[in-house]
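Numbering (the working numbering), first residue to last: 357 to 493.
Quick reminder that beta carbons are idealized off the backbone N, C-alpha and C, glycines included.
Now the structure itself:
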């Protein structure tokens with residue numbers, strides 16, 4: 357009987373530890389949103405993509421619209437000015453898609469960390485420029 361109690365206690369502690377480790381802090385940058393979030397953006401409308409850090413990616417669209425993508429979890433390995441790639445069979449990039457870091461290894465690129473995208477938050481160009489400047493410090 358003591359073995360069962362010990363096993364149950366161990367399981368409870370392990371489950372609680374996983375729950376705490378899985379907790380992600382809210383992203384303060386989403387307060388900059390100027391409108392409704394988008395789940396997808398058309399890939400033909402994307403003009404430029406800039407990784408800010410492990411949690412934030414800017415999508416500059418044709419027509420001067422800018423989206424901040426809030427990754428649902430910090431992506432290990434992502435940092436300011438990283439190059440990323442994506443693959444999609446649709447003509448849009450969605451919050452269910454995966455982006456992959458590309459590391460410059462001289463004359464080629466090597467794939468790095470891959471992470472899922474989050475929602476796309478519209479933000480002003482001015483706020484995007486501030487975030488961009490902050491990430492390069």
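* Asked: Quick one: does the C-beta of residue 458 sit closer than 7 Å to a heavy atom of the ligand FMN?
  -> In terms of ligand content, the structure shown is empty, and the ligand FMN therefore cannot be addressed.
* **Close Cβ partners of residue 416 (< 6 Å) along its chain, the five nearest in sequence each way excluded** => Residue numbering aside, residue 416 sits at position 60 when the chain shown is read from its first letter. If we look at residue 416 and ignore the five residues flanking it on each side, its Cβ neighbours are 403, 404 and 422.
* Asked: Residues in its own chain within less than 8 Å of residue 476 by CB, not counting five upstream and five downstream?
  -> On the chain shown, residue 476 is found 120 positions in, with the first residue counted as 1. Excluding positions up to five away in sequence, the list reads 393, 394, 395, 396, 397, 415, 423, 424, 425 and 451.
* To do: Quick one: residues in its chain with C-beta nearer than 8 Å to the C-beta of residue 482, no 5 flanking neighbours on either side, listed in chain order?
  => Within the chain shown, numbered from 1, the residue matching residue 482 stands at position 126. Counting only Cβ-Cβ distances below 8 Å, and skipping sequence neighbours, we find nothing.
* Return the CA-CA distance between residue 454 and residue 442, expressed in angstroms with no decimal places. => As a first step, residue 454 must be located in the chain shown, where it is residue number 98. As a first step, residue 442 must be located in the chain shown, where it is residue number 86. Taking the straight line joining both Cα atoms gives about 6 Å.
* Asked: Which residue spans inside the segment 405-432 form an unbroken beta strand (DSSP E) run of at least 3?
  -> 412-417 and 422-426
* Asked: Around the C-beta of residue 446, are 16 or more other C-beta atoms found within 10 angstroms, so that it is buried, or is it exposed?
  -> As a first step, residue 446 is located in the chain shown; it is residue number 90 there, counting from the start. So residue 446 ends up on the exposed side.
* What separation, rounded to the nearest whole angstrom, lies between the Cα atoms of residue 389 and residue 413? -> As a first step, residue 389 is located in the chain shown; it is residue number 33 there, counting from the start. As a first step, residue 413 is located in the chain shown; it is residue number 57 there, counting from the start. Each residue's Cα considered, the two are about 14 Å apart.
* From 382, 488 and 486, residue whose alpha carbon lies closest to that of residue 428 -> Stepping through the chain shown from its first residue, residue 428 is reached at position 72. Nearest of 382, 488 and 486 to residue 428, Cα basis: 382.
* Asked: Under 8 Å, do residue 449 and residue 386 count as touching if we go by C-beta distance?
  -> Stepping through the chain shown from its first residue, residue 449 is reached at position 93. Stepping through the chain shown from its first residue, residue 386 is reached at position 30. Contact: no.
* Following the continuous alpha helix (DSSP H) through residue 488, name the residue where it begins and the one where it ends. => Start at 1 with the first residue of the chain shown, and residue 488 comes out as number 132. Run containing residue 488: 481-491, per the alpha helix (DSSP H) assignment.
* Asked: Between 420, 406 and 418, which lies nearest to residue 435 when the distance is taken from Cα to Cα?
  -> As a working note, residue 435 is residue 79 in the chain shown. Among 420, 406 and 418, the Cα nearest to that of residue 435 belongs to 406.
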